[in-house]
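Residue numbers (this note's numbering): 80 to 237.
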């Protein structure tokens with residue numbers, strides 16, 4: 080059970096936010112491939128109540144056989160300077176927001192990923208999620224084989 084949400088409220092908040100983005104005009108594409116057979120990198124946004132609570136999911140991301148190009152951690156509780164420095168040294172970007180909602184947090188994380196040179200595919204997680212070591216590799220292989228695919232969920236990988 081996800082601790083962050085009432086799913087109906089999150090879906091409605093996400094729809095409202097996306098409608099506003101569409102109304103204001105989205106500025107970039109979310110394409111995952113240049114051509115068939117070439118996978119772009121994986122990028123991950125993690126939502127967490129605190130940096131400490133995110134440690135297990137961050138370890139599962141770090142253990143991937145297909146490493147993530149970028150990881151953004153959106154968190155509600157300030158991190159100590161030492162912990163923040165260690166995470167940033169390992170490539171995790173921190174975004175502190177004491178009052179984020181799930182859709183807003185994922186969108187804020189995605190906005191930080193927009194600056195990456197090759198956005199690739201994105202995976203949105205929360206602190207309770209864990210990935211099998213080949214999850215990102217399997218997702219990348221699907222996108223490489225099928226450039227027409229826009230969404231792949233780790234929940235459906237078999």
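Glycine residues also receive a C-beta, built at the ideal position from the N, C-alpha and C atoms. All values reported here derive from a predicted model rather than from experimental measurement.
Item: Alpha carbon to alpha carbon, how far is residue 204 from residue 194? Give it in angstroms, no decimals.; Value: 20 Å
Item: Nearest to residue 183 by CA position, among 152, 160, 167 and 165, is which residue?; Value: 152
Item: Let's see if you can read the secondary structure: which residues bound the beta strand (DSSP E) around residue 200?; Value: 200-205
Item: Just tell me which of 95, 144 and 180 has its CA closest to the CA of residue 128.; Value: 180
Item: Where residue 137 and residue 222 are concerned, what is the direct C-alpha to C-alpha distance, given to the nearest angstrom?; Value: 23 Å
Item: Which value, in whole angstroms, describes the spacing of the CA atoms of residue 200 and residue 120?; Value: 6 Å
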